[in-house]
Structure formats: C-alpha cells, structure tokens
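Notes to accompany the following structure.
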Amino acid sequence: MNTLLAIPFEVRLSALFVIGSIVAGQLNRAVYGWALDPSPISPWSAAPRGLPARRWSECVPIFGWLIARDRAHKFGRGFWIRPLLVELLTGLSLAALYAWEVDVGGLIPLPLPANISHHDVAIQSLLHSEYLAHAVLLCLMIVASLIDIDGKIIPDEITLPGTLLGMILMVCLPHALLPVPDLVAWARLNFGFWPLVEPVIPLYANYPKPRQPLEFTQTVASLWVGLAVVVGWCLALLPRHWRTRHGLRRARQILLARIAKEPISKLIAVVGVLACVGVTLTYWHNGPRWTSLYSALIGLAASGGMIWAVRLIAGFVLGREAMGFGDVTLMAMIGTFLGWQACLAVFFIAPFAGLFVGGAQWLLRRDNEIPYGPYLCLGAAVVIVFWNSLWDHMEPMFAAGWLVPIAVVICMGGLGVLLGLLQIVKRMIGIS
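The numbers in the working numbering rise by one with no breaks, and the one at position 70 of the sequence shown is 978.
In structure tokens form, the structure reads like this:
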C-alpha cells in the first residue's frame, strides 16, 4: 500500500482512466456478444463474413472506434458512437469514483478522531478495498444495463459470475462492505467510547448491533444459513418450466426432465458445490472474512428476495410477467456487494427513475415496456455515491429492528393494491 500511495495522485487517476477505457473494450465485447441477438460489432470479435479482417488499430480504446467508422455499411450509421462513449465514460467514472472514495474520503464515517486522518495507511487500505469492490460492481452493472436496454434481458452470463465474484471479494477484502457512517453513535451504543482500533466499521448484516453477527457467526447455525442461501440461489438459477395442464405429477416430471437436459444445469451444480465448499472453508477459518461473506450472503438472499416478491405480486395482479427473472438475479448480485441495508435504499430509489422514464416513453411512443435493470443499477450507483447522506435518513429505520421487514411486507401489499388500481384506471380510459 505504501508503494501505491507513493505514486502521485494525478498519475494514479490517469492510470485508472486508461485501465477503465481498456476494460470497457471488453465490456462492449460482452454487451454485443451476450445480447439476445449477438453482433460482432466489437473489434475484439471476429470480423463478419464478407468484411476485411480487423485492424489492430480498431482495438485501441476510444480512438479505435473512429477508425472503425468505415464499417457503417454493415452495422449501421453511428454504430460506433455508443461503444466509444462507454469506453470514455467508464474510464472517467472509475477515475472519479477513486477520487471520491479514496482522496476525498466520501465513504468515511465522520467525524474522525483528532489523532486519525483518512490519509493514514490503514484507512487507505480499507478505502482501496471498498473502491475495488465498487469498481468491479460498476463494470458488471454497465454490461447488465446495456444488454437490458437492447433486448430487455439480463443474461446469467453476467449475474452468475458477478455474484460469485462478489462473494470472493468479500472473503479476500473483508472491509469492502459499505462502512457504518454514524460511527460515533455506534461506538457509544456498543462500547461507550470510540473504538480506536477500528476507525472504520463495515456494515455487517445485523446492524445496528454489529457485535451480534460476530457472535452468531461463531455458531454452526450461521454456516447452515450460508449454505442454505447458496443452495437456494443455485436452485433459483435452474431452468424452470412449470406446466400443470396435465396434473402436478406430470408437471414435476417435465420440470425435472428439462432441468436434467439443459447444459446450464450441470454448470450450476458445479458452481453450487464449489460455492458450498468455499463457504464451509471460510466458516472454519472464521474471523472478519466469514462475517463479511455471511453479510454478503444475507444481502444476496434479501435483495433478490425483495425483487422476486415484486415480480410475483406484479405478475399475479397484472396477469402477465411484469418483470424478468434477470432483474432478480441482478439485484441479488448487487446485494452481494452492498448488503441488504443499502439494497433497501436501491429498492425504493429505482422505481422513481423507472416511473419517470417509463412515463415519458409512454407519452412519446405509447410503449409501456421498459427494462428495469438499468434503474436498479442507477439506484445502486446513487446509494454508493450518496451513502453518508442516505444513511442519515435510513439509520433510525434500522434501529426499529423487526419492524423493518414488517414495513417491507406492508409496502409489498401496497404495491399490489396500487397495481390493481392502476389496472382499473387503464381499463376505464381504454389503455391496453
């Protein structure tokens, strides 16, 4: 860490911009390669038949797209503009996020004690851990959002490895969780004084009693909870084709046959076994790594569960699929990185952007089908950047304990009522 901090800050920012634009080239490749209708637009893909081979200069970040403009007759006029902007903005975003989190200390709980500076090596190490996790999440969300915008689908190719990567990062970097902003109140509540040993406390799963997870994770029950989350996540990813037209027994046979037939099932089974082994080994190691992983798993289950519940309620009320299952796996991935507390904020922020854009889209084009994934990603980005400010409004709610899940259930019920009323209004004014 001392070697990294010895590099001038401006040089670090410039390097991050270059790295970000290079990484974005692979993000573009994933966006077009994993799309519902794959396209070889990326210069890293093989050239389509009938076109000359790719030139090495086309792979140069940002400027390569200016060189590739002569392929417009194949991919359409202006095809190069969005991928160029992706590479440019990704580089700028990673550099800006680094400046905000590491140099400004935007996520550090304030005020710090007089004898501690956010430029201390120990705190800088924690801030770099948080930044790395958030930079990875940002890249994953860019791919998911663009694919969802293009084809209204979020493929498992991005959310499955993304969730696994979140688990691995929480084990390797146990302080990569969002911090507890109101650290002074936390210290007084749990210790009666400032915890000088740990000036930055990760937001563990059982806040506002951060010591409770440390006690609970020393029990075998926490291991079973973690394994249950992994198994449930894998089962949710399996192909599901449930048709009861010929009876429940026949439906079950068809379901199991389809699961056994699909190639993805074997991959998910292998991933599940390896993940369970990793969870078990981390539990036996114990300490902050297990507490961090356990918090990530709770974030996965709670965040994905909330969106899944919305999907089921909206589908029941509207009589059709109102939200794709990709949104569920995307939110589960975000929860692995940010934890369930932050994803509660994402859960309530995302609909506002979705309603605004969706309303404008319906007025302009009479199209009421909007991809929801980009708004979940936008909500996650807002939560990361404005975490300290949001926490001022959220912390009293978390202090209510079990009233929090009760309030979420009430909101789910209110959503069903609201959607039902909306359907009635639409029928009255003749909107399909």
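Ideal placement from N, C-alpha and C gives every residue a C-beta, glycine not left out.
### Query
Do residue 943 and residue 1066 have their C-beta atoms within less than 9 angstroms of each other?
no
### Message
What would DSSP say about residue 1069, mapped onto helix, strand or coil?
### Response
helix
### Query
Can you round the beta-carbon distance between residue 991 and residue 949 to whole angstroms, since I take them to be within the 8 angstroms contact cut?
7 angstroms
#### Entry: Nearest-angstrom Cα separation, counted from residue 1291 out to residue 1297
Those two C-alpha atoms are separated by around 9 angstroms.
### Task
Locate the alpha helix (DSSP H) running through residue 1114, then write down its first and last residues.
Here residue 1114 belongs to no alpha helix (DSSP H), and DSSP marks it neither H nor E.
### Query
If we ignore side chains and look at the alpha-carbon of each, how far apart do residue 1197 and residue 1203 end up?
10 angstroms
### Message
Could you compute how far the alpha carbon of residue 967 sits from the alpha carbon of residue 940?
### Response
15 angstroms
### Message
Among the candidates 1313, 1179 and 913, whose CA atom is the shortest distance from the CA of residue 1114?
### Response
1313
### Task
Assign residue 1370 to buried or exposed, taking buried as 16 or more other Cβ atoms, counted over all protein chains shown, within 10 Å of its Cβ.
The structure shown does not extend to residue 1370, since the chain spans only 909 to 1340, so no value can be given for it.
### Message
Under 8 angstroms, with one C-beta from each stretch per pair, do the region 1127-1145 and the region 1178-1196 reach the 3-pair mark?
### Response
Verdict: yes, contact present.
### Query
Buried or exposed: residue 1063, going by 16 or more other Cβ atoms within 10 Å of its Cβ?
buried
### Task
Return the first residue and the last residue of the alpha helix (DSSP H) that residue 1047 is part of.
1029-1059
### Task
State the CB to CB distance for the pair residue 970 and residue 995, rounded to an integer number of angstroms; the pair is presumed to be in contact (CB under 8 angstroms).
5 angstroms
### Query
Tell me which same chain residues have a C-beta within less than 8 angstroms of the C-beta of residue 1093, skipping the five on either side of it?
Caution is warranted here: a pLDDT of 49 is assigned to residue 1093, below 50, making its placement in the model unreliable, and the coordinate value is therefore given only provisionally. Same-chain partners within the cutoff: 1303.
### Message
Measuring straight from C-alpha to C-alpha, what distance separates residue 913 and residue 1306?
### Response
36 angstroms
### Query
Whose CA, out of 1057, 1132 and 964, lies closest to the CA of residue 1232?
1057
### Query
Near residue 1236, which residues of its chain fall below 8 angstroms by C-beta distance, leaving aside the five closest residues on each side in sequence?
Excluding sequence neighbours, residue 1236 sits near 1144, 1212, 1215, 1216 and 1219.
### Query
For residue 1087, which beta-bridge partners are listed by DSSP?
1110
### Query
Under a three-way DSSP split, which group does residue 941 fall into?
helix
#### Entry: Boundaries of the alpha helix (DSSP H) in which residue 990 is found, first to last residue
Segment 989-1006, the alpha helix (DSSP H) holding residue 990.
### Query
Under three-state DSSP, which class holds residue 1178?
Residue state, collapsed to three classes: helix.
### Query
From which residue to which residue does the alpha helix (DSSP H) around residue 1283 run?
1281-1293
### Task
Measure the Cβ-Cβ separation of residue 1281 and residue 1053 and say whether it is below 9 angstroms.
yes
### Query
For residue 1184, which residues of its own chain have a beta-carbon under 6 angstroms away from its beta-carbon, when the five flanking residues on both sides are left out?
1135 and 1138
### Message
In whole angstroms, give me the CA-to-CA distance for residue 1060 and residue 1070.
### Response
C-alpha of residue 1060 to C-alpha of residue 1070: approximately 19 angstroms in a straight line.
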